[in-house]
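Report on the following structure.
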Amino acid sequence: MRMTDARPDVLYVRMLGGFSISWNGMLIAGGSKASDSQYTNLLQLLIHERGRGVTRDRLEELLFGDRDMSNVHHALQSVIYNTKKKLERAGLPPDSYIIQKKGVFFWTDTFTVTEDAAEFEALFRQAESTEDTDERLVLYSEACHWYAGEFLPQQTAVIWAAQEARRYKEMFCECMEKAAALLRSHQDFFQMEELGQYAAKVDPLSDWETVTMEGLVSLGRYDEARRLYDDTVQYYFNEQGLRPSKRMLEQFERLGTGMQHRHAVLDQIQAELSEPGELPGGYLCSYPVFLGIYRMIERMMERGGQSVYLMLCTVIDGKGNPMRDGPMLEELTKRMGDAVRVSIRRGDAMTQYGKGQYLALLVNTTRESCEIIQNRINRQFIVGRQRIGIKYYVNSVFWTP
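Note that my numbering has the sequence shown beginning at 389, numbered continuously upward.
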């Protein structure tokens with residue numbers, strides 16, 4: 389909510405990324421006072437549906453559910469009466485606030501209401517109906533910045549709020565995609581970078597980092613793009629055990645093909661390519677780099693003479709089941725990664741595949757040697773009598789013409 393533009397005698401309602409109602413700088417509901425009380429539930433639905441109103445049955449279902457009550461109509465009137473009194477005590481000027489017309493309840497039209505969800509949707513609809521591309525871009529961008537997060541995130545168990553949350557999320561995704569497309573066509577990569585950063589903040593784990601990365605790559609800021617990629621991959625691993633998306637991989641490949649260096653002699657280039665120092669253990673790399681190494685190995689095997697194995701290491705609990713979540717998994721994943729790295733050779737590559745999983749590419753080895761490596765990893769990983777262990781899956785890498 390853009391409270392910097394707050395005007396007097398306007399009811400400001402925030403429903404995206406949280407809930408609050410304020411009047412002339414005073415908090416009327418929500419914020420630190422947020423709760424699932426009938427007071428807030430009633431205000432949220434009535435204000436959000438102020439244009440078409442809410443039927444008595446719908447309000448009673450929301451407030452009382454399946455509770456056995458002798459006179460549910462009287463109970464509703466009691467909640468409405470108490471809500472009016474509470475609004476007066478909170479500082480709103482005297483008014484009816486909630487008006488009933490033929491069994492439908494409406495929020496008063498005495499006050500001007502600015503609701504962030506309604507403003508976001510109005511700007512999006514306006515952009516959709518605008519033909520001028522420059523104006524459409526301005527409207528899409530402004531709409532995106534009104535979206536401050538999930539609709540009523542504390543009300544995910546309430547059906548109507550959950551439905552609206554899904555609708556607004558889909559609208560925001562469409563708005564972002566169209567804004568990014570227009571910025572791309574305008575070659576406004578500075579704003580694309582900013583828009584991607586904002587979207588990743590208000591709608592996390594939704595791959596919006598790809599928009600920022602596209603902007604950075606297009607601006608030639610390759611080091612920043614590479615750091616963003618590494619940070620994003622690690623963040624997605626830690627939070628949800630996800631691999632880089634296809635879209636992120638495409639941006640990473642574009643990063644590689646787009647990089648241009650100053651003119652240099654071969655010795656200088658070779659020095660830049662070489663790995664610094666004599667780092668022990670296997671080569672720990674990002675998934676896209678690992679993917680490139682794997683495909684290169686496949687091509688080299690066309691000449692024959694190599695035996696290469698791909699090994700997947702997965703953390704398992706005491707019952708032998710893969711661990712997919714839990715407070716210990718992040719620490720166990722790191723410990724397993726360290727164990728794998730020091731147990732394979734410098735000429736072997738490895739990467740984290742997801743939460744509790746690592747891939748290792750073992751070059752010029754045998755099936756028997758794979759078992760030896762697994763024993764080394766176990767000695768590094770297993771502490772005392774812990775029941776948590778590692779499950780191994782090994783496949784031979786075959787060249788397929």
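All C-beta atoms, glycine included, are put in the ideal place defined by N, C-alpha and C.
Shown here for Y586: same chain residues with a beta carbon closer than 8 Å to its own, the five before and five after excluded, namely C532, H533 in chain order.
Between the C-alpha atoms of G670 and V751 there is a straight-line separation of about 11 Å. A Cβ-Cβ separation of about 18 Å leaves L583 out of contact with S633 under the 8 Å criterion.
Between L464 and the set G479, R446, P481, the nearest pair of CA atoms involves R446.
With 16 or more neighbouring CB atoms inside 10 Å of its own CB, I778 falls in the buried class.
Distance check between M724 and each of T498, L747, D713, Y485 places L747 closest, using alpha-carbon atoms only.
Ranked by Cα distance from Q694, the options M684, Q768, V546, H461 are led by M684. Contact annotation, L511 with L527: C-beta distance approximately 5 Å; criterion of less than 8 Å satisfied. Within the model, the alpha-carbon separation for M738 versus C673 is close to 6 Å.
Counted as a single uninterrupted DSSP element, the beta strand (DSSP E) harbouring I487 occupies residues 486-489. Using a Cβ distance threshold of 7 Å, T598 and Q639 count as a contacting pair.
Beta-bridge partners of N783 (DSSP): L698. Excluding residues up to 5 positions away in sequence, A463 lie with their Cβ nearer than 7 Å to the Cβ of M457 in the same chain.
Following the DSSP letters along the chain, one finds V526 inside the alpha helix (DSSP H) bounded by residues 521-534. Taking C-beta separations shorter than 8 Å and ignoring five residues to either side along the sequence, the partners of I468 in its chain run L430, I486, F493, following chain order. Per DSSP, reduced to three states, the secondary structure at I681 is helical. In terms of Cβ geometry, F577 and L616 do not form a close pair [threshold 7 Å]. For the pair M699 and G744, the CB atoms are not nearer than the 7 Å cut-off.
Using a Cβ distance threshold of 7 Å, S594 and Y697 do not count as a contacting pair.
The C-beta of T620 has 16 or more other C-beta atoms within 10 Å across all chains shown, which makes the residue buried. Within the same chain, and ignoring the five residues on either side of L643 in sequence, the residues whose Cβ sits closer than 8 Å to its Cβ are M601, V605, Y610, A613, R614, Y617.
Under the DSSP assignment, T754 falls outside any beta strand (DSSP E); it carries neither an H nor an E label.
Assignment of beta-bridge partners to S408 by DSSP yields R402, G418. Around M689, the same chain offers V696, V785, F786, W787 as residues with beta carbons nearer than 8 Å, after the five sequence neighbours per side are excluded. A residue is called buried when at least 16 other Cβ atoms come within 10 angstroms of its Cβ; M414 does not meet this threshold and is exposed. Between G491 and the set N412, H461, R477, the nearest pair of CA atoms involves H461. Sequence-distant partners of F560 (beyond 5 residues in either direction) whose C-beta falls short of 6 Å from its own C-beta, in its chain, are Y535. Beta-bridge partners of L747 (DSSP): L700, T739.
A contact is defined here as three or more CB-CB pairs under 8 Å, and the segment 674-683 fails this definition with respect to the segment 757-764.
The beta carbon of A550 sits closer than 7 Å to those of T544, all from its chain and outside the five residues before and after it, given in chain order. Counting along the chain, no beta strand (DSSP E) covers F539, and no H or E run does either.
The straight-line gap separating the alpha-carbon atoms of F499 and R555 is approximately 27 Å.
Spatial neighbours of H436 in its own chain (CB-CB distance under 6 Å, excluding positions within 5 residues in sequence) are not present. Distance from the CA atom of T521 to the CA atom of Q579, rounded to whole angstroms, is 16 Å.
Scanning G629, E686, T753 for the CA closest to the CA of T721 turns up G629.
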